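Here numbering that gives the first Met the number 0 is used: position 248 in the sequence shown is 247, and no number is missing along the way.
The beta-carbon is built from N, C-alpha and C at its ideal position, and this holds for glycine as well.
Treat the numbers as computed from the prediction; the structure is a model and nothing was measured.
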Amino acid sequence: MTAPRTILLAPDKFKGTLTAAEVCDALERGIASTARDTRVLRCPIADGGDGTVEAALSAGFEERISEVEGPTGEGVRARWALRGPDAVLELAEASGLRVLPGGRLAHDRASTAGLGELILAARDAGARRILVGIGGSSSTDAGAGVLAALGARLLDTDGADIAPGAAGLATLASADLTPARAALEGVELVAACDVTNPLTGPEGAAAVYGPQKGLAAARIPEVDAVLAHAGEILDPSGLLARRPGAGAAGGTGFALYALGASFEAGADAVLDLLGFDEALVRADAVVIGEGKLDAQTLQGKGPAEVARRARAAGAEVLAVAGAVTLAPAQLAEAGIGRTYDLLSRSADLAEAIARGPELLEQIGAEIGAHAARPPA
C-alpha cells in the first residue's frame with residue numbers, strides 16, 4: 000500500500016470538551032511534527048445537532064447573531080452561519096433546552112417561536128437554502144411557535160391567537176398556514192433530522208421526548224391527544240403527522256413538513272453542505288473522531304458516515320476518540336483501520352479530558368509518522 004501523502008481531518012466535536020475545529024488544530028500540530036511533507040486538509044464535521052453551526056463556520060461560512068425570542072419569551076442571542084445563498088441554523092440556539100433561563104424546564108409554555116424568527120433572519124439576509132438542525136428542543140408545541148413567527152394564524156375558539164407552548168396548542172381551534180408558506184416563497188427549507196418518530200402515539204413526540212422536557216409521565220396521554228388534535232387542524236389530510244421525523248423536536252418536524260421542508264439525514268446534509276466529498280477526492284487517508292467511538296457511532300452518526308464515504312473512495316480510515324469501545328470486527332465492518340484513544344494514555348477520564356489537546360497532538364504525531372512511513 001502506498002503511504003498516504005494527503006490526510007483529511009474530519010472529526011466531530013468531543014462533546015463538552017473540544018470543538019471539532021480544536022480537535023483538528025491539535026492533530027494538525029502533531030502531524031506537522033513528524034510528517035512535514037504530508038498535506039493536511041480540514042473538514043470539521045457535525046451531524047445536524049449541536050456543533051452544526053460551528054462546523055459551518057470552520058468551513059468558511061460567516062458568523063451571524065440574531066436576537067430572537069427564547070423558549071419562554073426572554074430574548075436570546077442565537078448564532079447561525081451564512082455563505083452566499085446557504086444558511087445553517089440550529090433549533091437549540093433559539094428554542095433549545097440549553098437556552099432555558101436557569102435551565103428550568105417549562106414544558107407547557109416553551110415555544111419554538113425563536114426558530115421561526117431565526118429562519119426569517121436568514122431569509123432576510125439573502126439565504127435561499129436554509130438547513131435547520133432540529134436537535135435539543137425544549138418544547139412540545141408541534142412547531143406552532145415556528146408557524147406563528149412566520150405569519151401563520153393559529154386561533155382559539157374566540158378568534159384570538161393561541162398562547163405559546165403545549166398549553167396554548169391545547170386551545171387551537173382553527174389555522175391558516177398560507178402566510179407562513181408565502182413568507183418562505185423561493186426558499187428551500189431542509190431539516191437535518193436523524194429520528195423517525197411520528198407526531199403521536201407510543202413512538203411520538205410526547206411519549207418519547209416529552210419527559211426530557213419536563214412532561215410528567217401521567218400527562219403523556221393528555222399531551223399526545225393535544226398533538227393529535229392540532230395535527231388534524233393543521234393538516235386535515237392526516238398524512239404529515241405519520242411521516243418519519245414528524246415527532247422530532249417536540250413535533251417541530253411536523254411543522255417543517257407543513258411548510259414544505261425536505262428532510263435529510265443529519266450527517267448527509269451537513270457533509271454535503273460542507274463540501275466533504277470535494278475534499279475527499281484529494282485524500283489518501285481520512286481521520287474521523289468524536290468523544291466516544293461506540294455502538295451509537297454506527298447508528299448513522301457523522302463519523303460513521305465519513306468512514307463509509309472514505310472507504311467507498313478507497314481512502315484509509317483512521318479514528319481518534321476519547322474512548323473506543325467497538326470490537327475489532329465492528330471497526331473492520333465500518334471500514335475503520337487504526338484507532339487512537341485518549342483514555343488509554345491517561346490515568347483516568349478526568350486526566351484525559353484535561354490533557355485533551357496535548358494527547359491529540361501526540362496522536363497527530365503518530366498519525367504523521369504512519370503517513371510518512373515508506374511503503375513496505
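- In the DSSP annotation of this structure, the continuous segment of the alpha helix (DSSP H) that includes T33 starts and ends at 19 to 33.
- Residue A245 holds the alpha-carbon nearest to the alpha-carbon of G259 among G29, G249, A245.
- Proximity to E62 across G72, G47, R78, G74 peaks at R78, based on C-alpha coordinates.
- Where D267 is concerned, the enclosing alpha helix (DSSP H) starts and stops at 265 to 273.
- Taking 8 angstroms as the upper bound for CB-CB distance, S138 and G50 are not in contact here, some 21 angstroms apart.
- Inter-segment contact for the region 280 to 295 and the region 314 to 322 is present: three or more beta-carbon pairs are separated by less than 8 angstroms.
- Per the DSSP secondary-structure output, A169 pairs with nothing in a beta bridge.
- In the DSSP assignment, Y256 falls outside any beta strand (DSSP E) and lies within the alpha helix (DSSP H) extending over 247 to 257.
- Bridge pairing for I64: R78 [DSSP].
- Taking a contact as a CB-CB distance under 8 angstroms, the pair D193 and D11 does not count as one, their CB atoms being some 13 angstroms apart.
- Along the length of the region 157 to 241, whole beta strand (DSSP E) runs at least 3 residues long occupy 173 to 175, 187 to 191, reported in chain order.
- Excluding residues up to 5 positions away in sequence, L359, E360, Q361, I362, G363, A364, E365, I366, G367 lie with their Cβ nearer than 8 angstroms to the Cβ of G29 in the same chain.
- By the Cβ-count criterion, V22 is buried, with 16 or more other Cβ atoms from all chains shown falling within 10 Å of its own Cβ.
- Beta-bridge annotation (DSSP): E89 is paired with G132.
- Counting only runs of 4+ residues, the alpha helix (DSSP H) found wholly inside the region 309 to 358 occupies 327 to 332, 348 to 353, in chain order.
- When secondary structure is reduced to three states using DSSP, T5 falls in the strand class.
- Its chain contains T111, G250, T251, F253, A254, L255 as the residues whose beta carbon lies nearer than 7 angstroms to that of G142, once the 5 sequence neighbours on both sides are disregarded; these appear in chain order.
- G115 carries a helical assignment under DSSP once its states are collapsed to helix, strand and coil.
- Counting only the Cα atoms, G167 lies some 13 angstroms from S173.
- Counted as a single uninterrupted DSSP element, the beta strand (DSSP E) harbouring A284 occupies residues 284 to 292.
- By the Cβ criterion, the region 54 to 71 is in contact with the region 109 to 124, since at least three pairs of Cβ atoms, one from each stretch, lie closer than 8 angstroms.
- According to the DSSP secondary-structure assignment, V39 is paired through a beta bridge with I6.
- Contact between T199 and D223 holds, since their C-beta atoms are separated by about 5 angstroms, short of 8 angstroms.
- With a contact defined as Cβ atoms closer than 8 angstroms, I287 and A9 qualify at about 6 angstroms.
- Going by C-alpha positions, T18 is about 10 angstroms away from I44.
- Here T37 is buried. Its C-beta has 16 or more other C-beta atoms within 10 Å.
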